[in-house]
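The numbering of the sequence shown is full-length UniProt numbering, which starts it at 1 and goes up by one.
Positions of the beta carbon are idealized from the N, C-alpha and C atoms, including for glycine.
I have placed the structure first, in the form of structure tokens, so that the comments after it can refer back to it.
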Amino acid sequence: MKPLIVILLLTVISLVSAESEIVDSRYIGDDYKYSVWSDEAVGFKFEPREGGSDQFYYFCEKTKKKNCGSWVDEKGNKIKSATLKVTLKGGDAILSKLQKKDMGRYYLIAEDLKKDLGFVRLIIQDPPPPPPPKY
1 MKPLIVILLL
11 TVISLVSAES
21 EIVDSRYIGD
31 DYKYSVWSDE
41 AVGFKFEPRE
51 GGSDQFYYFC
61 EKTKKKNCGS
71 WVDEKGNKIK
81 SATLKVTLKG
91 GDAILSKLQK
101 KDMGRYYLIA
111 EDLKKDLGFV
121 RLIIQDPPPP
131 PPPKY
């Protein structure tokens, strides 16, 4: 009976650790390097933490979408208030000059949006205070 309990406990622990999300944090104004590890990846889906509609960004190098290189809504219309710049460099996407409104989940997406390529929850923090003056 004891081996069965141990096996069940290990199974539960492995399931819980497999379901935990990746959380990363940066300061306002920092850049964030997101690994575009999959050849199937064509862009990002962004779920803002503050609510609102999902936003999409498609890499022009990987897809021929109408508004590639811009943040768009689900219908493909450009989002005028979007200011986050994305640059694809090799196997990484650089999200430049992060602001508080950029906090949320970033999903790596394929042409088939049902495919799970992973995601990261990005937290944007105020910069640390400057060090005290030296006398």
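Check, Outcome
"Do you know whose CA, among S81, W37, G43 and K101, lies nearest D112's CA?", "G43"
"Just tell me which of R49, K45 and T83 has its CA closest to the CA of I75.", "Looking at the sequence itself, residue 75 is Lys, so the reference to Ile does not match. The shortest Cα separation from K75 among R49, K45 and T83 belongs to K45."
"Return helix, strand or coil for D102, following the three-state DSSP convention.", "helix"
"Quick check: what's the CA-CA separation for E40 versus I109?", "8 Å"
"Measuring CB to CB, does D92 end up less than 9 Å from L122?", "no"
"For the 8 Å Cβ check, are there 3 or more pairs between the stretch 78-91 and the stretch 48-64?", "yes"
"State the beta-bridge partners of I94 as determined by DSSP.", "K33 and T87"
"Could you check what DSSP says for V16 in three-state terms: helix, strand or coil?", "Since pLDDT at V16 reaches only 49, below the 50 mark, its modelled position is unreliable, and the value read off the structure follows with that caveat. Correct three-state label for V16: helix."
"Regarding L98 and the ligand PLP, is the C-beta to nearest heavy atom distance less than 8 Å?", "The ligand PLP is absent from the structure shown, which contains no ligands of any kind."
"Ignore the nearest five residues each way along the sequence and tell me which others in Y34's own chain have a CB closer than 6 Å to its CB.", "A93"
"What is the DSSP secondary structure of K45, counted as helix, strand or coil?", "strand"
"Could you give the distance in angstroms between the alpha-carbon of S81 and the alpha-carbon of P132?", "37 Å"
"Just verifying my parser: in three-state terms, what is the DSSP assignment at Y57?", "strand"
"In the DSSP assignment, what residue or residues form a beta bridge with Y27?", "Q125"
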